[in-house]
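Presented below is the structure to which this report refers.
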Amino acid sequence: MAIGVASSPSRRRRGRSRRAPMAEINVTPLVDVMLVLLIIFMVTAPLLNAAVPVDLPDSRASAMDQQSDQITISIDETGAIYFDEEPVDEIALAARLENVPRDADGKPPLVTLRADRSLRYERVISVMGELNHAGFNSISLVTNSSVSAP
Numbered sequence: 159m160a161i162g163v164a165s166s167p168s169r170r171r172r173g174r175s176r177r178a179p180m181a182e183i184n185v186t187p188l189v190d191v192m193l194v195l196l197i198i199f200m201v202t203a204p205l206l207n208a209a210v211p212v213d214l215p216d217s218r219a220s221a222m223d224q225q226s227d228q229i230t231i232s233i234d235e236t237g238a239i240y241f242d243e244e245p246v247d248e249i250a251l252a253a254r255l256e257n258v259p260r261d262a263d264g265k266p267p268l269v270t271l272r273a274d275r276s277l278r279y280e281r282v283i284s285v286m287g288e289l290n291h292a293g294f295n296s297i298s299l300v301t302n303s304s305v306s307a308p
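In the numbering used here, the protein residues as written are 159 to 308.
Okay, here's the thing in structure tokens:
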């Protein structure tokens with residue numbers, strides 16, 4: 159009585175698998191990559207907010223929370239005005255401010271004003287006057303945080 163090697167049940171399993179191919183996708187690497195990308199975007203998003211190069215003055219003021227619907231007005235060292243990142247003159251600034259959408263209560267969004275430290279006070283006040291004339295009374299002045307500010 160000889161046992162055939164080819165007919166052994168354990169021998170058949172080692173060869174070709176008779177199971178169906180796995181149709182599931184392992185999502186763990188996908189989730190890992192997405193979490194890393196999320197962290198990268200969370201770190202770099204605040205840095206992308208200031209596209210106009212401005213030498214901000216130093217201050218010991220504490221940082222404020224950023225709002226999603228805020229408007230950024232920048233004035234560079236030459237006195238050029240930027241609405242978000244787009245250059246505008248004072249007349250175009252007034253027109254752009256009138257077209258800014260208000261919330262349900264009719265309240266305008268928060269305005270952050272970034273002005274270069276070498277500017278004359280008169281230039282900054284003229285831009286703030288345009289903002290006030292357009293109904294933007296809540297204006298945040300952006301500075302560099304410093305412990306030893308004057």
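Glycine included, every Cβ here is placed at the ideal spot set by N, Cα and C.
Query raised in the report: Going by the beta-carbon positions, is the gap between Pro215 and Thr301 smaller than 9 Å?
Result: yes
**Report entry** C-beta atoms of Phe241 and Ile249 nearer than 9 Å
**Finding:** no
Requested in this report: Look at the Cβ atom of Leu255, then the Cβ atom of Ala273, and state whether they are nearer than 9 Å.
Outcome: no
Report task. Inspect the beta-carbon positions of Pro267 and Arg260 and report whether they are closer than 9 Å. Result -> yes
Query raised in the report: Can you tell me whether DSSP reads Ser276 as helix, strand or coil?
Result: coil
Report task. Put Val300 into one of helix, strand or coil per three-state DSSP. Result -> coil
Report task. List the endpoints of the continuous alpha helix (DSSP H) containing Ile249. Result -> Glu248 to Glu256
Query - Cβ separation of Ile233 and Val194, assumed to be a contact under 8 Å, to the nearest whole Å - result: Contact flag wrong, Cβ pair sits at about 37 Å.
Query raised in the report: Nearest to Glu280 by CA position, among Ile183, Pro187, Gly237 and Asp227, is which residue?
Result: Gly237
Requested in this report: Out of Leu289, Gly293 and Asn295, state which residue places its alpha-carbon closest to the alpha-carbon of Ile231.
Outcome: Leu289
Query raised in the report: Where do the ends of the beta strand (DSSP E) carrying Ile229 lie?
Result: Ile229 to Ile233
Query raised in the report: Would you report the Cα separation of Ile183 and Val189, rounded to the nearest angstrom?
Result: 12 Å
Query raised in the report: Near Pro245, which residues of its chain fall below 8 Å by C-beta distance, leaving aside the five closest residues on each side in sequence?
Result: Ala238 and Ile239
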